[in-house]
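Report on the following structure.
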DNA sequence: AGAAATCATTTGTCTGACATTTAAAAGTCT
DNA sequence: AGACTTTTAAATGTCAGACAAATGATTTCT
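Residue numbers (our numbering), protein chains in the order written: chain A, 1 to 242; chain B, 1001 to 1242.
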């Protein structure tokens, strides 16, 4: 682990990169303890605050974790699927909110990916996952449910569908697509959306998953996508009409 | 923007979270300048190093950028697709290398997602993207190409296919799936893989894309997945046999 | 032997200072 | 007046040293 003293980049950036490279290359393995901050500042010939800034950069990416106390220190963190989910959702949300992605583009991507999970989910979903889908459909039919709660339930339904594929890599990849859409979907919830239509489609999809009919599930998702896009275009038309 | 003095969490974590929330909620907009480090340390009643650690956490996630000098400071960064790609690839790579994900699981996820792009790509790919696919196939047929270069070309081929869908959100989501697989694919390259079979399948896929036949492209990808999994299982069988 | 007190190590935080970069302001010359 | 140079001020980057707080290990006392 070395840094280039002639580089113009900030020292904390260089140090963070050096440690990151060591982790990716396998020089530092999971749960291995890094040298203490004092030792690192000796090694890189920089002050302790500079080392700390580098370590905080790595901690922000869940690459390390720190612990105080006698046998404490910084440890290489095993990147969990859970941590990766959270990062994925945050990044996707910001990406969508900051880049004026059209609703159609986001919608297309989301449903294209979700349809990829449907056949696997129809084949493998657990009873528990199917029960979750049914429970969310039931919740969505309750009168008095707020728009925000309806959207959250919608997301939970789709999460269960995706998780049904039993492939954690797929679930991780889809996390951003499904969850980051929630704010965009909120955008159209405030209009007179017909919840019965949505829950009807959800029921069709759940039935297909229960029957193990991947093709029908894909078709149901296709109809749901069409419905969602129609709703959005109505909203946009109404807005520009005003 | 406030922090909870009674919380046991590290101050720099709390401050980073408070600023992050302000960005996500829209209180801080893209390119807006944050208060200077001195002003932030006054506001949160902490020292400047603590504020700096918080800012470095945010910078590590590309949420802010900093600039030195008179009119410098920390600015809310527009999260670009490029930055998001890079984060996605790094996270996916670490996730796969640290969690003993089976080859089958990763392979299934990758091809399931890629097949979701194929019909869109068949419909919309630009001439340039098709040319890239053809060029990579040509490169893959060159004798003397190293295994590493073959893999890189393989990735470039699939990237062109995905980008052909003309949906940046989809390209972003797929970046991790396609690029993070490269190390795993390297794992099986060192055996006597028949490149002609692979390039033959690539040609079939490119032909389908050129003809605008999404179904054929999906079928080609399915065969490629089957071939890849067969190769991998052969390798694993040979290893355990030794 | 077991509980309590002490100690050493490590991260978390603070204070204050200086270095470096950068844009704007001030000054100078033509 | 206008263009160029110099100065200045503001901001981040880096450093040094110190104390606080947490935590496991060690020692001491009962």
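Beta carbons are placed, not taken as given, at the ideal position from N, Cα and C, and that holds for glycine.
Fair warning: this is a prediction, and the values are worked out from it, not measured in the lab.
Would you give the residue range spanned by the beta strand (DSSP E) that residue 1029 (chain B) belongs to?
-> First-last for residue 1029 (chain B): undefined, no H or E at that position.
- Task: Tell me, please, whether the CB atom of residue 1028 (chain B) is closer than 9 Å to any CB atom in chain A?
- Result: no
task = Throw me the rounded Cβ distance for the residue 1160 (chain B) and residue 1132 (chain B) pair, which I believe falls under 8 Å.
result = 4 Å
ask   = Any C-beta of chain A sitting closer than 9 Å to the C-beta of residue 1212 (chain B)?
value = no
- Query: Which one of B:1095, B:1016, B:1046 and B:1051 has the shortest CA to CA distance from residue 1061 (chain B)?
  - Reply: B:1016
### Query
Grouping DSSP H, G and I as helix and E and B as strand, with all else coil, what is residue 64 (chain A)?
strand
query = How close, in whole Å, do the beta carbons of residue 217 (chain A) and residue 209 (chain A) come, if the pair is a contact with beta carbons under 8 Å?
reply = 5 Å
### Query
So residue 1173 (chain B) and residue 113 (chain A) are in contact, right, with Cβ under 8 Å, and what is the actual spacing, rounded?
6 Å
* Asked: Excluding five sequence neighbours on each side, which residues of the same chain lie with their C-beta closer than 8 Å to the C-beta of residue 1137 (chain B)?
  -> 1157, 1199, 1202, 1203 and 1206
- Reducing DSSP to helix, strand and coil, say where residue 180 (chain A) ends up. coil
ask   = Alpha carbon to alpha carbon, how far is residue 1193 (chain B) from residue 1178 (chain B)?
value = 20 Å
- Taking the CB atoms as reference points, tell me whether residue 1120 (chain B) and residue 1214 (chain B) lie closer together than 9 Å. yes
I want to verify the contact list: residues of chain B whose CB lies under 8 Å from the CB of residue 12 (chain A), in sequence order.
1056
Inter-residue CB distance, residue 1129 (chain B) and residue 1163 (chain B) (contact presumed, cutoff 8 Å): 6 Å
Requested in this report: Find the residues of chain B that neighbour residue 98 (chain A), judging by a C-beta separation of less than 7 Å, and give them in chain order.
Outcome: 1030, 1078 and 1079
Practice problem: Report the option in B:1005, B:1029, B:1068 and B:1104 whose CA atom is closest to the CA atom of residue 1184 (chain B). | Solution: B:1104
| message | What does the Cβ neighbour count give for residue 2 (chain A), buried or exposed, with the cut at 16 atoms within 10 Å? | response | exposed
Practice item. On the DSSP bridge assignment, give the partners of residue 1075 (chain B) in chain order. Key: B:1033 and B:1065
Item to complete: Report buried or exposed for residue 39 (chain A), applying the criterion of at least 16 other Cβ atoms within 10 angstroms of its Cβ.
Response: exposed
Are residue 1169 (chain B) and residue 94 (chain A) close, meaning C-beta to C-beta below 9 Å?
-> no
Between which two residues does the alpha helix (DSSP H) containing residue 1006 (chain B) stretch? Note, residue 1006 (chain B): premise wrong, no alpha helix (DSSP H); not H, not E.
Any Cβ of chain A within less than 9 Å of the Cβ of residue 1101 (chain B)?
-> yes
Nearest CA to the CA of residue 77 (chain A): which residue from A:64, A:20, A:126 and A:118? A:64
Practice task
Quick one: list the residues of chain A neighbouring residue 1176 (chain B), beta-carbon separation under 7 Å, in chain order.
Solution key: 173
Cβ-based contacts, 8 Å cut-off: residues of the segment 1114 to 1145 of chain B near chain A: 1115, 1116, 1117 and 1120
Tell me, to the nearest whole angstrom, how far the beta carbon of residue 1167 (chain B) is from that of residue 108 (chain A); I am working on the premise that it is less than 8 Å.
-> 6 Å
Assuming residue 188 (chain A) and residue 232 (chain A) form a contact by the criterion Cβ under 8 Å, report the distance between their Cβ atoms to the nearest whole angstrom. 5 Å
Output yes or no for whether 9 Å exceeds the beta carbon distance between residue 1180 (chain B) and residue 1092 (chain B). yes
Residue 1211 (chain B) and residue 1122 (chain B) closer than 9 Å at C-beta: yes
*Same chain, Cβ closer than 7 Å to residue 1058 (chain B), five either side skipped, listed in chain order*: 1016, 1019, 1020 and 1064
Q. Looking at the C-beta of residue 1182 (chain B), does it have a partner C-beta in chain A at a distance below 9 Å?
A. no
Under 9 Å, Cβ to Cβ, is there at least one residue of chain A near residue 1053 (chain B)?
yes
Could you spell out where the alpha helix (DSSP H) holding residue 142 (chain A) opens and where it closes? Careful: residue 142 (chain A) lies outside any alpha helix (DSSP H) and carries neither H nor E.
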